[in-house]
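Reading through the structure tokens given below for one structure.
There are 2 protein chains.
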Amino acid sequence: MSGKAQIIDFQSKKMSCEACIVGHQCLGYDPRLPGACIFKNSNMPHQLLHRGEYLYRAGEPFQALYMIRSGIIKTYFISEDGEEQILGFHLPGEIIGFDGIAEGAFPSNAMALDTTSICKLSFDSLEEHYGASPQLQSALLRGMSREILRHENMLMLLGKKKADQRLASFLLNRSTYQRSHGYSATVFTLAMTRTDIGKYLGLTVETVSRVLSRLQVQGIIEVHTNQIQILDLDALRDLAGDYAGRPGIEHGAIRVNRPFTGERQVNKAFH
Amino acid sequence: MSGKAQIIDFQSKKMSCEACIVGHQCLGYDPRLPGACIFKNSNMPHQLLHRGEYLYRAGEPFQALYMIRSGIIKTYFISEDGEEQILGFHLPGEIIGFDGIAEGAFPSNAMALDTTSICKLSFDSLEEHYGASPQLQSALLRGMSREILRHENMLMLLGKKKADQRLASFLLNRSTYQRSHGYSATVFTLAMTRTDIGKYLGLTVETVSRVLSRLQVQGIIEVHTNQIQILDLDALRDLAGDYAGRPGIEHGAIRVNRPFTGERQVNKAFH
DNA sequence: CGTCATGTTGAACCAGGTCAAAGAAAGTGG
DNA sequence: CCACTTTCTTTGACCTGGTTCAACATGACG
Chain R
0 MSGKAQIIDF QSKKMSCEAC IVGHQCLGYD PRLPGACIFK NSNMPHQLLH RGEYLYRAGE
60 PFQALYMIRS GIIKTYFISE DGEEQILGFH LPGEIIGFDG IAEGAFPSNA MALDTTSICK
120 LSFDSLEEHY GASPQLQSAL LRGMSREILR HENMLMLLGK KKADQRLASF LLNRSTYQRS
180 HGYSATVFTL AMTRTDIGKY LGLTVETVSR VLSRLQVQGI IEVHTNQIQI LDLDALRDLA
240 GDYAGRPGIE HGAIRVNRPF TGERQVNKAF H
Chain G
0 MSGKAQIIDF QSKKMSCEAC IVGHQCLGYD PRLPGACIFK NSNMPHQLLH RGEYLYRAGE
60 PFQALYMIRS GIIKTYFISE DGEEQILGFH LPGEIIGFDG IAEGAFPSNA MALDTTSICK
120 LSFDSLEEHY GASPQLQSAL LRGMSREILR HENMLMLLGK KKADQRLASF LLNRSTYQRS
180 HGYSATVFTL AMTRTDIGKY LGLTVETVSR VLSRLQVQGI IEVHTNQIQI LDLDALRDLA
240 GDYAGRPGIE HGAIRVNRPF TGERQVNKAF H
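Listed below in structure tokens is the structure:
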């Protein structure tokens with residue numbers, strides 16, 4: 000069967016880190032080293048995956064993190080009854096596999112949605128360079144923290160948002176990624192199917208399709224199969240209802256007004 | 000107002016790490032040191048929070064992780080329109096605050112649901128001891144990875160599960176925690192309100208209440224306000240539908256049979 | 001023991017799921 | 001390059017789990 004798919008020959012294609020688009024964002028990046036990468040001389044450089052191939056599967060032993068150089072990877076869980084929950088679509092610059100550290104095995108699956116070039120960051124090599132490189136340490140911690148933050152935002156989305164808000168958030172996310180990587184914030188291609196979008200956002204295909212149609216009718220976006228054009232970014236932002244950008248300065252202040260039940264007791268304690 | 004609540008005097012109450020129930024599970028634990036804790040001589044030891052008091056709030060600068068010694072803390076996001084999504088209920092032994100590392104500020108709020116003793120793990124001290132202690136490094140990485148894993152399970156729960164499955168998972172979780180900490184796996188107290196359970200599980204209070212009643216009628220649990228007794232653990236497990244325990248050995252194998260659409264291509268590539 | 005928060009239960013409603021069917025793309029093989 | 005097959009997408013009609021609204025019960029606490 001498809002079991003073979005997970006056997007990837009990492010030796011077959013070595014590429015220089017110097018040419019890597021990811022550059023200094025990479026965990027392995029170190030300008031002091033020849034080749035600018037701590038993995039330069041290891042025998043585990045880059046590898047190409049084709050659509051539908053697995054990078055790893057649930058249950059496999061964890062040995063490495065993976066950095067995406069180009070392409071797109073989806074990571075997902077499968078429940079007892081075969082239901083697939085997509086955990087993320089991962090784009091160039093992102094590192095995946097953090098969830099394997101805890102138990103020494105991957106709990107999730109990672110599959111390429113398109114031709115994808117990835118870089119294997121052997122955990123042993125990583126630990127080897129760990130003591131010597133404080134910036135490697137903090138890059139790793141920040142990378143994991145960012146992953147946690149991303150998950151927390153997804154919990155908010157799945158726990159509280161309505162279908163259109165979910166789609167709006169999703170599109171906005173892509174848009175933000177696009178802009179921050181020098182591409183158009185308003186015109187882009189979705190590499191994944193509607194089904195997969197649904198499995199990511201906790202919705203059915205039909206709902207995804209309907210909401211996209213609805214947004215199009217409302218003049219907020221324009222859709223041609225995989226091509227998305229955002230016509231009204233502000234409307235999309237309104238819909239998404241994320242607090243504008245990140246842990247702003249004054250959230251605490253804003254929220255003081257809210258009638259937290261539990262808070263009463265605090266007040267009492269201070270009066 | 001309640002703003003005062005977040006000003007916590009960490010100097011006021013120093014306690015020995017040697018007496019700490021958390022012991023070697025703690026990030027700071029090091030048997031070679033006097034006091035067995037890398038934080039022993041720092042001026043940031045333990046502190047007591049009362050019900051409704053904040054440990055930190057969204058927007059505050061991140062300086063430390065916090066380990067819970069006793070009690071219970073809820074962490075949560077608040078959306079633009081004041082909606083609260085609870086990210087977790089954190090019990091003794093757990094470390095919270097990882098989500099603040101990425102941006103240098105907390106994106107979430109942390110409030111005590113009951114009298115709670117916490118230990119402040121200053122991030123500076125942590126980094127100071129980092130190079131010297133490989134086990135501190137790996138404990139930190141594994142702690143964060145476990146948090147990621149926990150979130151991924153919650154994504155599954157919120158994305159795929161029905162109300163009763165969510166409650167079943169929730170109760171099962173508590174049960175597992177209880178057992179692994181030497182308490183009864185079948186009889187315990189819920190420290191949080193139904194409203195909070197709802198905000199955690201993406202449901203309304205009414206639904207939580209109804210489902211609990213239903214489970215009681217079905218003879219699976221018995222509820223007296225906050226007292227829960229699990230009568231049929233297996234039924235609960237069936238309901239929850241988590242794959243029994245963690246990234247088992249053979250998930251990959253099991254799943255090979257599933258008709259993944261994308262997989263077709265892989266097979267071809269290998270034939 | 002009265003008050004206020006929290007919990008329960010009922011009834012009506014609706015967002016999104018389910019089922020079904022048809023159209024549009026994209027891969028496949030001649 | 002074209003015909004064929006399969007997957008993906010869209011849309012409609014219906015159904016239902018969970019929300020909403022409302023009323024009442026319980027229980028903690030000063």
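From first to last, the protein sequence lines are chains R and G. Mapping the first sequence onto numbering that gives the first Met the number 0, position 62 (from 1) lands on 61, and the numbers just tick up by one. Mapping the second sequence onto numbering that gives the first Met the number 0, position 176 (from 1) lands on 175, and the numbers just tick up by one. Glycine included, C-beta positions come from ideal geometry on N, C-alpha and C. Model, not experiment: these values are computed from the prediction.
In the DSSP annotation of this structure, the continuous segment of the beta strand (DSSP E) that includes residue 76 (chain G) starts and ends at 72-77. Chain-ordered, the chain R residues with CB closer than 7 Å to the CB of residue 100 (chain G) read 140, 141, 144. The Cβ atoms of residue 158 (chain G) and residue 113 (chain G) do not sit closer than 7 Å to each other.
Counting only the Cα atoms, residue 192 (chain R) lies some 13 Å from residue 50 (chain R). The region 197-206 of chain R makes no contact with the region 100-114 of chain R, as fewer than three CB pairs between them are under 8 Å. Chain-order list of chain G residues neighbouring residue 94 (chain R): empty, with the shortest C-beta distance near 12 Å, by a criterion of under 9 Å. The beta carbon of residue 190 (chain R) sits closer than 8 Å to those of 71, 88, 112, 113, 225, all from its chain and outside the five residues before and after it, given in chain order.
A contact between stretches requires three or more CB pairs, one per stretch, nearer than 8 Å, and the region 119-128 of chain G meets this requirement with the region 61-69 of chain G.
By the C-beta density criterion, residue 104 (chain R) is buried, having at least 16 other C-beta atoms within 10 angstroms. If you compare the alpha carbons of R:142, R:96, R:31 with that of residue 25 (chain R), the shortest gap goes to R:142. Annotation for residue 129 (chain G): the continuous alpha helix (DSSP H) segment containing it runs 122-129. With respect to chain R, the C-beta atom of residue 150 (chain G) has a partner C-beta closer than 7 Å. In this structure residue 163 (chain R) is not in contact with residue 236 (chain R), their Cβ atoms being roughly 13 Å apart against a cut-off of 8 Å.
For residue 202 (chain R), the CB contacts under 7 Å within the same chain, skipping 5 residues up- and downstream, are 162, 165 in chain order.
Nearest in C-alpha terms to residue 77 (chain R), of all of R:179, R:93, R:110, is R:110. Taking 7 Å as the cut-off, the Cβ atoms of residue 98 (chain G) and residue 106 (chain G) count as close. In this structure, the alpha-carbon of residue 233 (chain G) lies about 48 Å from that of residue 222 (chain R). In this structure, residue 140 (chain R) and residue 100 (chain G) form a Cβ contact; the two beta carbons are roughly 5 Å apart against a cut-off of 8 Å. Proximity to residue 217 (chain R) across R:144, R:239, R:231 peaks at R:231, based on C-alpha coordinates. Residue pairing of residue 115 (chain G) in beta bridges, as defined by DSSP: G:48.
The beta-carbon of residue 127 (chain G) is placed no less than 7 Å from the nearest beta-carbon of chain R.
As a beta-bridge residue in DSSP terms, residue 83 (chain G) pairs with G:77. If you ignore the 5 residues before and after residue 188 (chain G), its C-beta comes within less than 8 Å of the C-beta of 225, 226, 227, all in its own chain and listed in chain order.
Residue 175 (chain R) counts as exposed, since fewer than 16 other beta carbons sit within 10 angstroms of its beta carbon. DSSP places residue 205 (chain G) in the helix class (H, G or I) of the three-state scheme. Among the residues facing chain R, residue 106 (chain G) is included, as its CB has a counterpart in that chain under 7 Å away. Scanning the region 174-232 of chain R from its first residue to its last, the whole beta strand (DSSP E) runs of 3-plus residues come out as 186-188, 220-223, 226-229. Residue 123 (chain R) counts as exposed, since fewer than 16 other C-beta atoms from the protein chains shown sit within 10 angstroms of its C-beta.
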